[in-house]
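To start, the structure under review is shown below, and the notes come after it.
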Amino acid sequence: RPEFALDPNLGDFHKMIEQGTYDLRISANEYVPKTINNVSVPATGCISLGDILLAPDSSYLYAFRTVICRFADHDIDSNKTRPRFALGPEDNVFFSLGQGGYVVLDMGLNTLIVNSIGDDFTVYEGDDGIAEAYEVFVSNNWDGSWNSCGSATGTASFDLSTAGLSQARYIKVVDDGNFSSGQYAGFDLDAIRFFSTTGIEEESTVDIQPQISNLSISPNPFRQTAVIRYQIGDIQMQDARCRRQDFTLKIYDVSGKIIRSFNLASSFLPLASTISWDGTDQFGR
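The structure is reproduced here in structure tokens:
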């Protein structure tokens, strides 16, 4: 079962494999996975599958790429597990780290773990008959620096705020180093699932809930630049007890995926202003 990552911007891929018939499974965070059965690969040349469209699913959030790993004494212990076994949903197909081993997994550039209320991600242990201990670290760089989210035994959930971070892209799981041997030595990492890529404010900033009373875009449709005019609240709210608050204006495509977001200036309500948008996404594309 070979696995490989796609180009994060274009979504294209190329994989050299032997002639034969294969089932292909495509998955991406925030989308429903899709399986294409009976793909026939010729002895020479290649086969094109064209565009593969996935349906949105904001709850599908898992580690999707292995960055680096060290599984100790795999030759001595005859460890036949592989780091890629820790990717995707929990399925009891796991990667055994070995005594003192570790692995760094990527959650994705466009789907960072964001600190919210309560726990933010779960580490699943595969069942080899023994619950084993480990420590979890998080970072926004694959090579650190690393902040500890705590230690646990078996499947457990973790809060990003424990590490003092508001968001993180990479998770490092380290076996606790207690003596263990055999084919499944060390912590057995089955999957890492996180819960949200959108943070939630834990403290209210207004005494009454403001609403958008006016929103317009011109020209519509547009070719090069659009002007977005908005007003939050209305004149009747001037006497209300409204404190300063930050607002975010988000633009979605037809599939429901965020294309661009704008952080609006903090101000006393009512707030009215304009934004000029050139049609590019958050990466300038």
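3 is the number of the first residue of the sequence shown in our numbering; add one for each residue after it. Backbone N, C-alpha and C define an ideal beta-carbon position, used for all residues, glycine too.
Beta-carbon proximity of residue i to residue j, cut-off 8 Å
i	j	result
Val116	Ile194	no
Lys259	Pro58	yes
Thr164	Glu127	no
Thr199	Thr113	yes
Asp192	Phe96	yes
Pro91	Val105	no
Gly103	Arg72	yes
Asn216	Gly110	no
Three-state secondary structure assigned by DSSP to residue i
i	result
Phe87	helix
Ala45	coil
Asp241	For Asp241, the predicted model reports a pLDDT of 46, less than 50, meaning its position is unreliable; a value from the coordinates is still stated below. Looking at Asp241 - three-state DSSP - the assignment turns out to be coil, as it is neither helix nor strand.
Trp68	The sequence given here has Thr at residue 68, not Trp. Reduced to three states, the DSSP call for Thr68 is strand.
Ala165	helix
Phe197	coil
Glu203	Summary for Glu203: the model assigns pLDDT 41, below 50, so the residue's position carries little reliability; its value from the coordinates is reported in the next sentence. Coil at Glu203, not helix or strand.
Ile210	Bear in mind that a pLDDT of 46 at Ile210, under 50, signals an unreliable position, so the number given afterwards is only what the model happens to contain. Residue state, collapsed to three classes: coil.
Ile28	strand
When the options are compared against residue i, the one with the closest alpha-carbon
i	options	result
Phe139	Ala133, Leu162, Glu127	Leu162
Ser153	Val176, Ser29, Met18	Val176
Tyr232	Ala65, Cys71, Asn31, Ser278	Ser278
Gly100	Asn31, Gly188, Glu20	Gly188
Pro221	Gly281, Ile28, Tyr254, Glu137	Gly281
Gly52	His16, Gly22, Ser159, Ala30	His16
Thr46	Ser141, Ile54, Met18, Asn94	Met18
Ala170	Ile230, Asp108, Asn265	Asp108
Boundaries (first-last residue) of the beta strand (DSSP E) holding residue i
i	result
Ala154	149 to 155
Asp283	That residue, Asp283, is in no beta strand (DSSP E); it is neither H nor E in DSSP.
Ala158	158 to 160
Asp177	172 to 177
Val106	104 to 108
Ala141	Sequence check: residue 141 is Ser here, not Ala. Ser141 -> beta strand (DSSP E) spans 135 to 141.
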